[in-house]
Amino acid sequence: MRATVLRTQTTAAARRPGRLILTGLAILVASFVVFGTVLVQQITERTVRDNLSGTPAVTDLVIGSVDVPPPTVAHVRQIRAVPGVAEAVARVSTGVSVGEGYLNLQSDPGTGPLTMVRVIEGSYPDQPGEIAITPRTAERLGLSVGTTTSGMGGELTAPAPLTVTGVVDTGADAGYDAYAPDSAVIAWARLTTVERVDVRVAPGTSTEVVRQRVTAVVAGQPIRSGAEVREAEANAAAQQVGKLFILVGMFVSIAVVAAALVVTSTFRIVFAQRMRQLALLRAVGAGRGTLVAALTAEGALTGLVAGVVGVASALTLGYALPAILRATGHAVSSPGLPLAAAVTVVIGAVVITVLAVLAPALSAARVSPLEALRAASTTAGRRGIGVLRLVFGLLLVVGAVLAAVATVSRLPKPDQSNYDPSMPLLLLVGSGTLAFFALVALGPLLVRPVLAVVGWPLRQLGPLGRMSVGGIGGAPRRAAAVSVVVALGVTLISGVVIGGASLQILADREMALSAPTDFEVTSNGGTLPPAVVTRAEAAHGALARVVPYRMVDDARLLRDADKLGDVESGYPTSDLNLAALPSTGDLDVAQGSLTDRGPGRIVLNSWVARDAGLRAGDTVTLAVATRRVDVRVAAVLPGDGPLHAGILADPTDLDRLGVPAAYTGLLADAAGAGEDGRTAGVRALRQAIGGSDGVGLAVLADERDRNDALVRTLVWIAVGLVGLTVLIAVVGVGSTTALSVVERVRESGLLRAIGLSRTGLRTMLTVESGLYGVIGATIGLVLGIPYAWLAVQTLGIEAPLTAPLLPLAGLFVALVVLTALAGVLPARRASRVSPVVALGADN
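The sequence shown begins at 2 in my numbering and counts up one residue at a time.
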């Protein structure tokens, strides 16, 4: 009997491949995602290895390492004299102060196999004091071919002339790059050592023989082959890729768990549709164990087919996409053929499907043989949960709450400096995991009250709305199973959105402190010539605002005659006008208010406040040299002060303290947008500086752009990874709706027979699908917001909790629309069935 039942069930499943694929669609998608992740990691690592090495491919030997003293200039000459060495290039770089700018002067031959630059204008340098620069460097520093300036770098004791002879194209242009042959760099900067030496062996000469000869002249220096160095560089980059994919694997694991939940729900529907058949098998002698084995075998077959199709689809796309990208000019490598990973994914799909099908199989196997006498083959799903499941769910809730309370108790205190987030993060993850499984256990009990709230507007729209809500409420276990997966995706995405918004605010606050404007002109410890400030303020077409400031480094805080704090030399103090800066709105305070700053009122950064033991509202004496002025603390910042100032004082107070009226620096913003506006601002400030000695210009906007790009990239990567769970959820809604349509053929026929139009039936079923998204998104936001707040606080980054209402509302609407769209095709199919045929169907 066992063999007969097993053969009957698996043969019936194999004869209906469409239903088989639909049942295992979530596992198919999960298999595609998992194996696709393996292929993407291979593609990324191979691309990094093939394209991101900093050593030319023709390099045969590399002399030198960061772990030992560097090769000397004498070593370079000796290596070039070794028989069999066709070319030896010394790699060295040195920072050069050029007027008000900065250059990173690097050595490169400029021509030949070992070069890493390409001349696009002028000629490459060949004499000491000659340089070639990148296009962005030319724009930023206002240099062009033929321009002569002076610079200070290396071992120079006085500025030496530098002449631009050419413009070169490189793989990266940071805006401060210059190149010259190694001999020119060494001679100009008076260097005695180099970072390393790249050697190209003459054709027809043994590399090993040349290695032995070089070893004899540079005893003690490590010598590696070019292949070893390129491999090490590639491995270092690939290691970072591997760390990233560890994080990816965590999100993929969550998506796999979501797929298992969807499959469990799907099999409950499938088995419910076949209750009469299962009852007949029980009536003819099949035991419960036999039915469980047969249904589990059907699940294994489903997992096998879904796993194979998912892996095959990922493999096809994994090979096709790099080929397409290469055809469009992108350097993307193809993956390998990871057969072991493919087999593992398929086996994993089978195992997960079998585990997912066990609970529905056990439930279905308890069918009574008397169910064979029913007129229809479908039985109504259970609406409640058992006592054991209720108790287990409540225990999970208690565990989640206790873990969350423990997390809150371990959050960093305002003045805590040695905070370790490891344990709080572990507790937070544990609390979230327990909360999720509690949601799985108690989901059927939560659907009804949540549906009563979110479904109220639909009930007011008439019979269609009431029937849609009733269709979901009539099968709470099914609704819970699918909605929980949607809730998981929404919880994760809302957490990422809230965390990203909080991180962006923190980044904006940090940038408002370290880079409050596009440019900064400093006097390197002295004062700015008055003409520099005057000319900058007159450059209205290129600069939007100019804010000069004074900075003193030796201000002290006193109470009576006693000095406060442990800093002997005093605190850096500035009279920077915050109200004139556009980024002031990004600043927040730990105590007091920034608007209270004025004559006799100062602002402290958090470190100075702690060191001096002061709070907002305290009175203190501010002293510079022998002069003093009584002030009150108007506010305390949560971190550092603008431009790293410890104290922000009013200009009149610095005047009373005898601080010279000459400014020590100024901040300015570009009047135009983009790179053109920024370049115009740089040129205007350079003209304002003119030939002033000791005056430097820094482009703060570049740092701000890099920081913003990093935050945006991190958030979008996280959203993309979390989107895998949402994809599984949408697939689950689609497959659940499609199977429930089959289950309710007679109900649909009855509705059509009593006058419901095809459009009305389609609308009702589509709204039902959308309700899965409404329920899941509601539960997800309720969980996501508090857990996001905990996550931000647990990291200890002092980022304020921000709930961006518009993105969260957009997320809610998007999930509802996606789940509704997932039910469109099944709804269209149901509406096309004739009422007569539907009423006569036995499912």
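All residues carry an ideal CB built from backbone N, CA and C; glycine is no exception.
Linking L766 to L752 through their CA atoms gives a straight-line distance of about 12 Å. Taking the Cα positions, E769 is about 27 Å away from T303. According to DSSP, residue pairing for P162 in a beta bridge involves S151. In terms of CA proximity to D670, A513 leads the group A513, S254, G25, D651.
Looking at the DSSP output, L558 shares a beta bridge with L623. The Cβ atoms of V63 and V230 lie closer than 9 Å to each other.
For Y572, the three-state secondary structure derived from DSSP is strand. Nearest neighbour of V660 by Cα position, chosen from T216, A217, R628, V485, turns out to be R628. Contact between V522 and L655 does not hold, since the beta-carbon distance rounds to 19 Å and is not under 8 Å. Runs of the alpha helix (DSSP H) lying entirely within the region 576-635, each at least 4 residues long, are 607-613 in chain order. Per the coordinates, the alpha-carbon of G431 lies some 7 Å from the alpha-carbon of A404. Taken atom to atom, the span from the alpha-carbon of P361 to that of G774 is near 23 Å. Closest in C-alpha terms to A133, from the list S314, S108, V34, comes S108. Beta-bridge pairing by DSSP links E131 to T164.
Sorting R557, T24, L579 by C-alpha distance to the C-alpha of L296 places T24 at the top.
With a 10 Å radius around the Cβ and a threshold of 16 neighbouring Cβ atoms, H541 comes out exposed. When C-alpha distances from T665 are compared across P531, S410, A635, Y788, the shortest belongs to P531. Put simply, the backbone Cα of A591 is about 17 Å away from that of T803. Between G614 and G566, the CB-CB gap stays under 9 Å. The way I'd put it, the region 141-156 does touch the region 167-177; three or more beta-carbon pairs between them come closer than 8 Å. Excluding the 5 residues flanking it on each side, R191 has same chain C-beta neighbours closer than 8 Å at G155, E156, L157, in chain order. Measuring C-alpha to C-alpha distances from G65 to each of G123, E122, A179, D199 identifies D199 as the nearest. Inclusion of L791 and P422 in the CB contact set at 9 Å is not warranted, their separation being larger than that value. Cβ-Cβ distances below 7 Å link T726 to I255, A256, A259, L489, G490, L493 in the same chain, with the five nearest sequence neighbours on each side left out; the list follows chain order. Of all C-beta pairs linking the region 592-600 to the region 676-694, fewer than three are shorter than 8 Å, placing the two stretches out of contact. Around A635, the same chain offers G593, S594, L595, D597, R598, G599, R602, I603, V604, A617 as residues with beta carbons nearer than 8 Å, after the five sequence neighbours per side are excluded.
Counting only the Cα atoms, T518 lies some 28 Å from V632. Per DSSP, reduced to three states, the secondary structure at T665 is coil, with no helix or strand assignment. Annotated as proximal: N105 and G96, with beta-carbon spacing under 9 Å. Just measuring C-alpha positions, the residue of R478, T820, G290 sitting nearest R269 is R478. The region 701-709 and the region 542-561 do not touch, with fewer than 3 CB-CB distances between them shorter than 8 Å.
Separation of the CB atoms of A173 and I729 is rounded to 39 Å, and the pair is thereby denied contact status at 8 Å.
Counting only runs that start and end inside the region 635-717, the beta strand (DSSP E) elements of at least 3 residues fall at 666-671, 697-700. Here the region 350-358 lies against the region 299-314, with 3 or more beta-carbon pairs under 8 Å apart. Nearest to G394 by C-alpha distance, out of M552, G444, V451, I44, is G444. By the neighbour-count criterion, in which a residue is buried when 16 or more other Cβ atoms sit within 10 angstroms of its Cβ, R119 is exposed.
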